[in-house]
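In the working numbering, the protein residues as written are 5 to 240.
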């Protein structure tokens with residue numbers, strides 16, 4: 005009986021070492037791939053950060069107001085450092101998936117392939133949103149300055165309306181690129197956008213009434229003013 009127990013123990017020990025020796029190369033490959041991913045990610049983070057700083061990326065985002073928005077969100081990093089950190093963690097995550105794929109984990113393999121397929125769409129969606137946000141800030145300020153110089157009373161409203169329209173387009177394009185409930189988003193966007201255009205048209209008409217009157221008086225002189233007063237009381 006004791007010999008049988010000893011034999012079973014030895015057999016189990018042999019099986020353990022056999023499995024370990026079979027899996028060891030894959031585990032080493034996993035560790036090496038992750039280590040390489042971390043090293044390359046760390047190097048890429050530094051290179052991208054320094055390039056962005058040299059190009060004035062931080063100053064640009066401070067001028068557009070995006071850096072202030074990040075500070076309000078309790079983000080302490082500089083924009084260039086934040087971009088570098090995001091690239092670092094993306095590369096680390098991809099290296100982990102590649103390492104797990106190397107040890108032939110089928111479920112992880114499927115997840116990894118799906119993620120790598122979706123990654124370009126995610127990157128493009130982030131790019132579209134950032135460009136749209138920067139465009140919204142720039143166009144909004146340009147419209148505000150032009151409207152103030154034209155002495156329009158509704159300058160702020162016009163600027164905000166233009167910004168909302170640009171951001172609505174940006175969000176719609178971003179969500180479409182991500183492929184999230186595309187049909188629902190299109191219908192919702194159409195309703196919101198149509199209502200916004202109608203509201204802006206009404207506001208523009210009400211706000212620009214005095215401006216149009218002043219222009220007509222300058223163009224046609226006092227005759228226009230007398231004619232307008234006559235029309236106002238003609239029904240009495």
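All residues carry an ideal CB built from backbone N, CA and C; glycine is no exception.
Contact set for residue i: own chain, Cβ-Cβ below 8 Å, skip 5 residues either direction
| i | result |
| --- | --- |
| residue 132 | 174, 177, 178, 181 |
| residue 143 | 166, 167, 170 |
| residue 164 | 144 |
Own chain, CB closer than 7 Å to residue i, minus 5 neighbours either side, in chain order
| i | result |
| --- | --- |
| residue 61 | 83, 84 |
| residue 129 | 178, 181, 182 |
Nearest neighbour of residue i, chosen from the options [CA to CA]
| i | options | result |
| --- | --- | --- |
| residue 172 | 101, 123, 104, 139 | 139 |
| residue 43 | 55, 153, 99, 126 | 99 |
| residue 97 | 162, 45, 31 | 45 |
| residue 67 | 141, 125, 41, 59 | 141 |
| residue 81 | 57, 94, 95, 41 | 57 |
Whole-angstrom distance between residue j and residue i, CA atom to CA atom
| i | j | result |
| --- | --- | --- |
| residue 50 | residue 121 | 27 Å |
| residue 123 | residue 147 | 36 Å |
| residue 36 | residue 89 | 21 Å |
| residue 47 | residue 156 | 52 Å |
| residue 91 | residue 127 | 11 Å |
| residue 40 | residue 59 | 28 Å |
| residue 94 | residue 65 | 22 Å |
| residue 63 | residue 125 | 28 Å |
| residue 153 | residue 137 | 24 Å |
| residue 101 | residue 149 | 50 Å |
For residue j and residue i, believed in contact at Cβ under 8 Å, the rounded distance
| i | j | result |
| --- | --- | --- |
| residue 38 | residue 103 | 5 Å |
| residue 87 | residue 135 | That belief does not hold up - the Cβ atoms of residue 87 and residue 135 are roughly 14 Å apart, past 8 Å. |
Cβ-based neighbour list, residue i, same chain, cut-off 6 Å, excluding 5 preceding and 5 following
| i | result |
| --- | --- |
| residue 151 | 159, 162 |
With a floor of 4 residues, list each alpha helix (DSSP H) that falls wholly inside the stretch 140-193, ordered by position along the chain. 159-182
To test your reading of the DSSP string, which unbroken alpha helix (DSSP H) runs of 4 or more residues are found completely within the stretch 38-67? none
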